[in-house]
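Asks: Counting from 1, position 85 in the sequence shown corresponds to residue 84 in numbering that gives the first Met the number 0; the numbering is continuous, with no gaps.
One structure, pasted below without further comment.
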Amino acid sequence: MVRGITRASFDNKVSVTLNNTLNNNETLNSEVSGYEMGSPKVSVSYQLAEQKKDGFVTISDSVLVYSVAYKYFTLDYRLVYQVAVYDDGITKKVMPYHRIDNIVDKGYTIEDMDIAPDEKGNIFARKKYTHTIGVTCNGESYDVTSTRILMRFLSSGGPYIKSSKIIDEGLARNGEQYSSWLKVEQSWSTGEVKTETYSVDLTSFARGKEAVSRVIPDTNLQRLSSEMNEISSENVYSPCDYVDVVRYTKEYIVHYNYFDVGYDIMQDVPVYDDGITYHVMPALDFGEVEEKMWFEGGEETTYQGKPCYLWDYYHQISIVFGDIKQSAYVSFSAFVMK
């Protein structure tokens, strides 16, 4: 019911029909460079699609875009709902409409498909990716599905791996270093079946972050807490065909009552990927981080012309990778004013 005021008062009942559209996405082909999915980034945005006018009522097609972004591809759900606005030049009012109340991500499935050529004769591995969300509108729940055929380039005409399977894997210690190894059976397009063993030397280490001199009230330090955060990952090198080494960097921070000290902890993780099989090879992890700290010195000096004591502060962590113990240090000069 819209109440309008002109030269005379009136009650004018205006009715319009609004439609919400929750269609399944059409099946699309997406060329990708890998099949590792990881954790997707989900975002929601709004768009205005079309508007049409019916007398004093403007009906707008509003679009809620629910996006799911993976490393190699992104899919968008475009959920359309209509909003009507009455405007006679004097009275303007948004009329009742059914908004999209809630969206639940129901996850995805991946199915292997036959290897197939494209129209140019290039050979692609294929996987069928099916993703579903649950949408609540006007108190009713609906499932909306998106399907992608994920196509990964294998060959432009030369031999390629048609299928492969992991036979065995493990870690081996070589002196003061570990290596990760993997045995794979590969079936090639030529009909040949090969058994290959891949071995990668692992690098894992910690290093202290640079610290600067500082003024502290005294040397009565109190350890408050610590935290471990993963801050980056990057492909650092490829030691052989089908194997990449990914370096993960974690940040270890120790909080004291007067300052923080920090370390970067690096771990190399080899990954086997022949276009058909994606497999994370064995890698070294570490357990508890051992810590100790101490002061040295304490001689009298001056800081900015004022008398003080100069202390050298040291902090050390020790980490065991496999059964190899490594240590790292942070140190700086600390001035304690008299």
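No residue lacks a Cβ here, since even glycine has one placed at the ideal position from N, Cα and C.
Small disclaimer: the values here were computed from a predicted structure and weren't measured.
In three-state terms, what does DSSP make of residue 209?
Replies: Working through the sequence shown from its first residue, we reach residue 209 at position 210. The answer is coil: DSSP assigns residue 209 none of H, G, I, E or B.
Asks: Going by C-alpha distance, which of 112, 207, 247 and 89 is nearest residue 314?
Replies: Residue 314 sits at position 315 when you count from the first residue of the sequence shown. For residue 314, the nearest C-alpha among the options comes from 207.
Asks: Give a yes or no on whether the C-beta atoms belonging to residue 342 and residue 64 are separated by under 9 Å.
Replies: Residue 342 lies beyond the stretch modelled for the chain, which goes from 0 to 337, so this question has no answer here.
Asks: If you measure between the beta carbons of residue 201 and residue 267, is that distance less than 9 Å?
Replies: As a position in the sequence shown, residue 201 is number 202, starting the count at 1. As a position in the sequence shown, residue 267 is number 268, starting the count at 1. In contact: residue 201 and residue 267 (Cβ atoms closer than 9 Å).
Asks: Looking at C-alpha atoms only, which residue of 41, 144 and 161 is the closest neighbour of residue 191?
Replies: On the sequence shown, position 192 is the one that residue 191 refers to. Taking only the C-alpha atoms, the option nearest residue 191 is 161.
Asks: For residue 151 and residue 248, I'd like the C-alpha separation in whole angstroms.
Replies: In the sequence shown, residue 151 corresponds to position 152, counting from 1. In the sequence shown, residue 248 corresponds to position 249, counting from 1. Each residue's alpha carbon lies about 29 Å from the other.
Asks: May I have the straight-line CA-CA distance separating residue 256 from residue 265, to the nearest angstrom?
Replies: Translated into the one-based positions of the sequence shown, residue 256 becomes position 257. Translated into the one-based positions of the sequence shown, residue 265 becomes position 266. In a straight line, the C-alpha of residue 256 is about 27 Å away from that of residue 265.
Asks: Measuring CB to CB, does residue 76 end up less than 9 Å from residue 98?
Replies: One-based indexing of the sequence shown puts residue 76 at position 77. One-based indexing of the sequence shown puts residue 98 at position 99. No; because the gap between Cβ atoms is not below 9 Å, this pair is not in contact.
Asks: Output yes or no for whether 9 Å exceeds the beta carbon distance between residue 74 and residue 62.
Replies: The residue given as residue 74 occupies position 75 in the sequence shown. The residue given as residue 62 occupies position 63 in the sequence shown. No; because the gap between Cβ atoms is not below 9 Å, this pair is not in contact.
Asks: Taking just the CA atoms, how far does residue 252 sit from residue 316?
Replies: Within the sequence shown, residue 316 is the residue found at index 317, counting from 1. Within the sequence shown, residue 252 is the residue found at index 253, counting from 1. Going from the Cα of residue 316 to the Cα of residue 252 covers about 11 Å.
Asks: Which residues in the same chain as residue 223 place their Cβ atom closer than 8 Å to its Cβ, once the five residues preceding and following it in sequence are excluded?
Replies: In the sequence shown, residue 223 corresponds to position 224, counting from 1. Excluding positions up to five away in sequence, the list reads 254, 255 and 256.
Asks: I'd like the ranges of any alpha helix (DSSP H) spanning at least 4 consecutive residues and lying wholly in the segment 144 to 222.
Replies: You should have found no qualifying run.
Asks: How about residue 177 and residue 321: are their beta carbons less than 9 Å apart?
Replies: Locating residue 177 in the sequence shown gives position 178, counting from the first residue. Locating residue 321 in the sequence shown gives position 322, counting from the first residue. It is a contact, given that the beta carbons lie within the stated cut-off.
Asks: Within its chain, find whatever has a CB closer than 6 Å to the CB of residue 27; leave out the 5 residues flanking it on each side and keep chain order.
Replies: By one-based count along the sequence shown, residue 27 stands at place 28. Taken in chain order, the residues that qualify are 147.
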